[in-house]
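A.B. asks: Quick one: this structure, given as structure tokens, is what I'll be asking you about.
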């Protein structure tokens with residue numbers, strides 16, 4: 005067994021293919037939100053003026069793109085099986101949970117037994 009640690013927006017988080025049993029779990033720690041710098045604020049302002057959804061398009065959705073790219077490292081084909089753990093309570097908040105694909109069977113749990121049984 006091995007552990008690979010990677011930055012959410014880096015090459016390992018978004019650009020490698022680890023098919024089959026090479027990767028059994030992905031743990032996404034925190035939300036990969038952009039720094040609240042001038043560029044991010046400009047994006048938020050732009051999308052706010054254009055669509056009245058500046059926070060979503062300029063800040064939240066780019067973070068979720070990174071999150072979903074990271075999660076996708078684990079499941080590369082229809083036969084792959086893996087565990088994806090989002091380690092940040094904000095992922096369970098309604099305004100963030102709506103950003104996940106609707107066909108995902110999301111389970112919010114603090115029961116480590118469920119996670120251990122997955123690997124048994």
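In my numbering, the protein residues as written are 5 to 124.
C-beta: ideal position from N, C-alpha, C; glycine also.
#1: Report the three-state DSSP secondary structure of residue 47 (helix, strand or coil).
#2: Could you say if the segment 19-37 and the segment 79-93 meet the contact criterion of at least three C-beta pairs nearer than 8 Å?
#3: Which stretch, first to last residue, makes up the alpha helix (DSSP H) that contains residue 72?
#4: Where does residue 114 land, buried or exposed, given buried means 16+ other C-beta within 10 angstroms?
#5: Pick from 53, 62 and 86: whose alpha carbon is nearest that of residue 191?
#6: Label residue 64 either buried or exposed according to how many other C-beta atoms from any shown protein chain fall within 10 Å of its C-beta, with 16 as the threshold for buried.
#7: Around the Cβ of residue 70, are there at least 16 other Cβ atoms within 10 angstroms (buried) or fewer (exposed)?
#8: Among 116, 60, 43 and 61, which one has its Cα closest to the Cα of residue 91?
C.D. replies: Well, looking at it:
#1: helix
#2: yes
#3: 65-75
#4: exposed
#5: The first residue shown for the chain is 5 and the last is 124, placing residue 191 beyond what the model contains.
#6: buried
#7: buried
#8: 116
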